[in-house]
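Residue numbers (the numbering used here): -13 to 231. Reviewing the structure listed below.
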Amino acid sequence: VGGLGFPVLHELLLRRRQRIRLSLHARLTLQATLLLLLAGFAALLASEWHNPRTLGGLDVGAKLWAAAFASVSARTAGFNSIDIGALNAESLLLHELLMFIGGGSAGTAGGVKVTTVGVLLLVLWNEIRGHEDVEFAGRRIASSTQRLALTVFLMGAAMVLIATLLLVPLAPTVRFEALLFEVVSAFATVGLSTGITAQLPAAGQLLLIALMFIGRVGIVTLAVAVALHAGRRPYRFPEEKPLVG
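Printed below as a string of structure tokens:
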């Protein structure tokens, strides 16, 4: 529930009292959240089913609960019921993807937010179909929102990339996938860890501290700043179309 964001919760509460149409934001958040939960659940089951250090030693019911818990926690909470350090490489990568996406906008979850990724996927889908406008649920998504989603996503990816490049030489004996996991977890303020944080030098731990602060405050501040300073100039340059792809 905390990962949905306060605007979505507010709309759902209003919908209980009166018949209102959910906004595009609420629809996109709810549908993307459900898709991520189910996809993460299925992928974790498939990759960890026979791993004796995680799900392999549990009965079928416990495996289902543990996989569901991990799928939810990776995007919202940061609790763990299985040993994160014992996950297979593909499960670590899946966790990193879920953590990087995060939860709903204007809420307590970290990451670049599900609506950001959802808008970018809608841009891709409508472009493939040859649509001039980006449409979803009978509505058109503003071009300014599309640019903001791209900006937030690329800035988040850049932070993770730069922090990882800085952390690798500080801990040359630690596995790269474990370092990348720590960086994404810090950026998304998730709280999950493979257990290597204490092994990092002080400079590496300070880097993760800075990344936690930037990941939580920086992305939100960037999104708000871009939205507030959006405006029209009194002129437009001639249009050209560079080759892409």
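Think of the CB as a built atom: it goes at the ideal place given N, C-alpha and C, for glycine as much as any other residue.
A check of alpha carbon separations from Ala135 across Arg126, Thr101, Leu152 identifies Thr101 as the nearest.
DSSP places Arg125 in the strand class (E or B) of the three-state scheme. Here the alpha carbon of Leu110 sits roughly 31 Å from the alpha carbon of Leu178. Between the C-alpha atoms of Val105 and Leu78 there is a straight-line separation of about 25 Å.
DSSP, reduced to helix, strand and coil, places His(-4) within a helical segment of the structure shown. Annotated as proximal: Ala60 and Leu84, with beta-carbon spacing under 8 Å. According to the DSSP assignment, Thr94 belongs to no alpha helix (DSSP H), since it is labelled neither H nor E. Here Leu21 is exposed, its C-beta having fewer than 16 other C-beta atoms within 10 Å. For Ile148, there are no CB contacts under 7 Å within the same chain when 5 residues up- and downstream are skipped. DSSP places Lys49 inside the alpha helix (DSSP H), whose first and last residues are 46 to 62. Closest in alpha carbon position to Gly142, among Phe27, Tyr221, Val154, Val103, is Val103.
DSSP, reduced to helix, strand and coil, places Ala25 within a helical segment of the structure shown.
The C-beta distance from Val(-13) to Leu23 rounds to 12 Å, too long to meet the 8 Å contact threshold.
Here DSSP, grouped into helix, strand and coil, assigns Pro155 to helix.
Take Phe122, set aside five residues on each side of it, and the residues of its chain with a beta-carbon closer than 7 Å to its own are Leu10, Leu14, Leu108, in chain order.
The beta carbon of Gly(-9) is closer than 6 Å to those of Gly90, Ser91, Ala92, Gly93 in its chain, skipping five residues each way along the sequence. Non-local C-beta neighbours of His36 in its own chain, meaning closer than 7 Å and more than five positions away in sequence, comprise Gly42, ordered along the chain. When C-alpha distances from Arg161 are compared across Leu140, Val138, Phe139, Gln185, the shortest belongs to Gln185.
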